[in-house]
Amino acid sequence: MNEKSSYLSERSCDEWQGLLVQRPSIADDDFGEMCFRIYDSTQYSYPIQLKWFVRESGSFGTVKSAWGLVREIDAEQYLVKLVNQDDSRWIKVEDIVSVTK
4 MNEKSSYLSE RSCDEWQGLL VQRPSIADDD FGEMCFRIYD STQYSYPIQL
54 KWFVRESGSF GTVKSAWGLV REIDAEQYLV KLVNQDDSRW IKVEDIVSVT
104 K
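Just so you know, the numbering used here puts the end of the sequence shown at 104, numbered straight through with nothing missing.
If you want it as structure tokens, here you go:
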């Protein structure tokens, strides 16, 4: 275990940044289309794939992905609840970068 932790501590910031991506920018039209698909998932109960950005350092982070049905939309906190057979999670709408049917 020490061998692993010493290896990790020797990695430079440049190497770690190579594993991260810059936060994607989303056009207003694309954002509107994504919100429409999310709402349709709740109304018509069809699964969608959401990809969202998780900030790690500054404007860099990772993009996570999951399939499921959107069961709830929290308009006050700007969150959607994605549910599948394995788990459920709340995702911030502002972090969503892609929605596919």
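By construction, the Cβ of each residue, glycine as well, lies at the ideal position given by its N, Cα and C atoms.
Within the model, the alpha-carbon separation for residue 92 versus residue 30 is close to 25 Å.
When only Cα atoms are considered, residue 83 and residue 74 end up about 8 Å apart.
Judged by beta-carbon spacing, residue 70 lies beyond the 8 Å limit of residue 46, meaning their Cβ atoms are not closer than that value. Secondary structure at residue 75: strand, using DSSP grouped into helix, strand and coil. Per DSSP, reduced to three states, the secondary structure at residue 35 is helical. According to the DSSP assignment, residue 104 belongs to no beta strand (DSSP E), since it is labelled neither H nor E. Judged by their CB atoms, residue 96 and residue 40 are not nearer to each other than the 8 Å cut-off.
Within the same chain, and ignoring the five residues on either side of residue 25 in sequence, the residues whose Cβ sits closer than 7 Å to its Cβ are 62 and 63. When rounded, the separation of the alpha-carbon atoms in residue 32 and residue 79 is 22 Å.
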